[in-house]
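Here the numbering used here = 1-based position in the sequence shown + 38.
Think of the CB as a built atom: it goes at the ideal place given N, C-alpha and C, for glycine as much as any other residue.
Keep in mind it's a predicted model, so treat the numbers as computed, not measured.
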Amino acid sequence: MADVHDKETRSYNMSRIKGKNTRPEMLVRKYLFAHGIKYRLHDKTLQGKPDIVIKKLKTIIDVRGCFWHSHKDCKYGDKIKIESIKISERVKSSVERDKLNEKKWRDEGWSIIIIWDSCELEVKRKNSEKREKYLSEVLKKLLQKSDTSN
Ligand SMILES: [Zn+2]
């Protein structure tokens, strides 16, 4: 247990350096941690080093930014009407990477839960009812899985 705490602290510090462990990711991690879900972070043995890996439930949680990952049918994802070539290239490459990662994970038998930062987590708000509700749905899904795996 102590190790998890250390990891939390360490990754908080890391977030300033590497742009990993971003606020949306931290919101999800804190929620899972508070509800006793054990996970690994940025697992190097898996394609694309997914954000959150719950080995016991064979589940990957990928936290994505609506903007940079071009969330379909989402006002935050569609908002970008290609403002610059640089931005559009970056969005395109993250979308392609997401597809590759997802395929690999599925092929290896992982369940995938994708969480979007702006529309689902309302990441810019300090508190959000929508976020709480959404995360509780995710938790419910995980707990159901853990019931069937036991
Ligand atoms: Zn979205």
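- The DSSP assignment places complete alpha helix (DSSP H) segments of no fewer than 4 residues inside the region 56-96 at 61-72, in order along the chain.
- Rounded to the nearest angstrom, the Cβ distance from Val66 to Ile99 is 7 angstroms, consistent with a contact under 8 angstroms.
- Counted as a single uninterrupted DSSP element, the alpha helix (DSSP H) harbouring Ser126 occupies residues Ile123 to Asp145.
- Around the beta carbon of His109, a 10 Å sphere encloses 16 or more other beta carbons of the protein chains shown; the residue is thus reported as buried.
- Ser149: member of the beta strand (DSSP E) spanning Ser149 to Trp154, first to last residue.
- Nearest in C-alpha terms to Tyr172, of all of Gln182, Glu160 and Leu181, is Glu160.
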